[in-house]
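Only one structure is covered here, and it is reproduced in the block below.
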């Protein structure tokens, strides 16, 4: 979120500009039917786009509050989490609120975090009162996972000047564990994610921290008017690493700080995005930090409890012009279908987003120009972003929400009703990019008016199949305005498959860090990583979703579990949700091993 949209502090060199011009970088189970409460007539995708705004029908009534005194943390926004906290098979929703002094005054007494339970008819009921989550604080990011292997999903929430661990006690109750959890992080914390970096079966914790902010410093825009400060004015901070040392399943969650021993403190930054994934194919999870206005960091797992930072060596520190950028939201997936995951990072309106393609394994190159993503119907400052197959054709598409960080650029219209007048000048329209095969994208935003037609100060974007119809849905939230819920429309003739990857020996929790590859006929395959904590301050549906195009039957499913073991599961018909349990597969043939 580097605040330099109208006057860049670091300009490209002449060779870099010539390269940009040369590359064309210019301007601009059996499937369940939808629940009755969210059912309704939908036009064909070609006529009405990929999504339908169902906010009013969903029962969600939530407006994010933020002050108007240019306090920098208010501009970062607040996240959301899609997770099934009561194991009834339906995704529930947590929406974080920002309630600093100015925001609390603007928003009144009902501005705490809100927990919504999805009912059998598909609508959402506010169950915040008595949940233990309806507190008032400067909420930033959230991640959801079972941290003590008891079969219930717990939460970690980051804040300006703090981080909190919430244990799911059952019955819709969460208990804040306080400092006895071992997590003491009294700085500006933003993103949070989980990984089992030592392969002991317990999920460890990574928190990305932003800058060492001084609220007494006032900043001006290019016209001399008061505006939000940028990150370059403040010192970097390190990301933090905690090892999960919870004693037994169901016991109180406990962590042990490993930031120094693990090697993360040696390289500071300004993290707004984090992905915990295997960046070199060795079967061990690494940690990537998208850093705002600074070189990105990539901490490679050395298999002995320590990490070494190698972003420069692996091509991920800088963009294609050799510069650091305003790195914010992150998405991870195999965009070009070559069997190796790639990395997408959102940037400012006057920059281009980054798309780092992997190849050979463990090495990356920013190839945005070759992807077509520089050709946009409009420019936006991207934050939350999701890689998913929205049209079910077998290729990962991209969705992102936008919102300015300086008011020296004009906001876009029309603006979603209910957006605070102060924040309307920062509003921009979301965008959708269709993967047309081989990682080549086309901007389909104008053809998707329900998702892209109205501007918001976009920040968080979460993805999940809310109504279990096999089509991804989206939850978009921004600053100073209402959250919107978008239901994905079906795509006749295109098939899908959803996978739940479960660790039965670890309380039946989701196998975070596992990778699944669905094998189709004639060697076609689709890969996904089980990592709900991506995008921007968000946590997603842990089920893995695959669009299969015209493929109605899959040949087999290979899974590499987080402990490095590999199994093969039989194929079967598409258009269903399957649950695969660690230990119930067979040994895959040698060619399936990575």
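Residue numbers (the numbering used here): 0 to 593. All residues carry an ideal CB built from backbone N, CA and C; glycine is no exception. All figures in this text were calculated on a predicted structure; none of them were measured in a lab.
Residue(s) in a DSSP beta bridge with residue i
i           : result
residue 243 : 254
residue 172 : 169
residue 158 : 138 and 161
residue 97  : 137
residue 581 : Answer by DSSP bridge pairing: none, since residue 581 is not bridged.
residue 623 : Outside the displayed span of the chain (0 to 593) sits residue 623, for which this structure offers no information.
residue 236 : 268
residue 350 : Its beta-bridge partners do not exist; DSSP assigns none.
residue 331 : 342
Limits of the alpha helix (DSSP H) - the one that residue i falls within
i           : result
residue 446 : From DSSP, residue 446 is part of no alpha helix (DSSP H); its letter is neither H nor E.
Start-to-end residues for the beta strand (DSSP E) that takes in residue i
i           : result
residue 569 : 565-572
residue 369 : Careful: residue 369 lies outside any beta strand (DSSP E), inside the alpha helix (DSSP H) at 367-370.
residue 299 : 296-300
residue 62  : Premise fails: residue 62 is in no beta strand (DSSP E) and is neither H nor E.
residue 456 : Per DSSP, residue 456 belongs to no beta strand (DSSP E) and is neither H nor E.
residue 124 : 123-125
residue 384 : 381-387
residue 378 : It is not in any beta strand (DSSP E) - residue 378 carries neither H nor E in the DSSP assignment.
residue 555 : 552-559
residue 544 : 543-548
Distance CB(residue i)-CB(residue j) smaller than 8 Å
i           : j           : result
residue 92  : residue 474 : yes
residue 62  : residue 481 : yes
residue 152 : residue 163 : no
residue 594 : residue 554 : Beyond the ends of the chain as shown, which are 0 and 593, falls residue 594; an answer cannot be given.
residue 355 : residue 314 : yes
residue 368 : residue 346 : no
residue 594 : residue 276 : A question about residue 594 goes unanswered here, because the residues of the chain that appear run from 0 up to 593.
residue 127 : residue 111 : yes
residue 203 : residue 242 : yes
residue 74  : residue 478 : yes
residue 261 : residue 306 : yes
residue 290 : residue 326 : yes
residue 568 : residue 404 : no
residue 486 : residue 118 : no
Collapsed DSSP secondary structure at residue i in the structure displayed
i           : result
residue 114 : strand
residue 538 : strand
residue 423 : helix
residue 520 : helix
residue 75  : helix
residue 259 : helix
residue 224 : coil
residue 528 : strand
residue 408 : coil
residue 47  : helix
residue 486 : strand
residue 597 : Residue 597 cannot be examined here, being either before or after the span of the chain that is shown, 0 to 593.
residue 54  : helix
residue 435 : coil
residue 207 : strand
residue 373 : coil
Residue i versus residue j: straight-line alpha-carbon distance, rounded
i           : j           : result
residue 43  : residue 490 : Note on residue 43: pLDDT 33, under 50, position unreliable in the model; the coordinate value appears next. Cα to Cα, residue 43 sits roughly 8 Å from residue 490.
residue 122 : residue 57  : 5 Å
residue 344 : residue 398 : 12 Å
residue 95  : residue 522 : 43 Å
residue 142 : residue 271 : 14 Å
residue 376 : residue 536 : 26 Å
residue 525 : residue 494 : 13 Å
residue 32  : residue 231 : Model confidence at residue 32 stands at a pLDDT of 38, short of 50, so the residue's coordinates are unreliable; what they give is reported in the following sentence. Residue 32 and residue 231: Cα-Cα distance of roughly 50 Å.
residue 206 : residue 349 : 28 Å
residue 541 : residue 223 : 46 Å
residue 373 : residue 244 : 45 Å
residue 394 : residue 548 : 9 Å
residue 358 : residue 364 : 8 Å
residue 470 : residue 527 : 16 Å
residue 201 : residue 259 : 20 Å
residue 361 : residue 558 : 20 Å
residue 40  : residue 172 : Because the pLDDT at residue 40 is just 30, under 50, the model does not fix this residue reliably, and the point stays unresolved.
residue 70  : residue 137 : 12 Å
residue 427 : residue 401 : 5 Å
residue 459 : residue 445 : 21 Å
residue 575 : residue 492 : 15 Å
residue 29  : residue 467 : The predicted model places residue 29 with a pLDDT of 35, which falls under 50 and marks its position as unreliable, so this point remains unresolved.
residue 193 : residue 406 : 35 Å
residue 411 : residue 498 : 39 Å
residue 638 : residue 416 : Since the first residue shown for the chain is 0 and the last is 593, residue 638 is missing from the structure and cannot be characterised.
Test: residue i CB closer than 8 Å to a CB of chain D
i           : result
residue 150 : No chain D appears in the structure shown, which is made up of a single protein chain.
Contact test: residue i Cβ vs the ligand MN heavy atom, cutoff 7 Å
i          : result
residue 58 : Of the ligands one can find in the structure shown there are none, so the ligand MN has no counterpart to examine.
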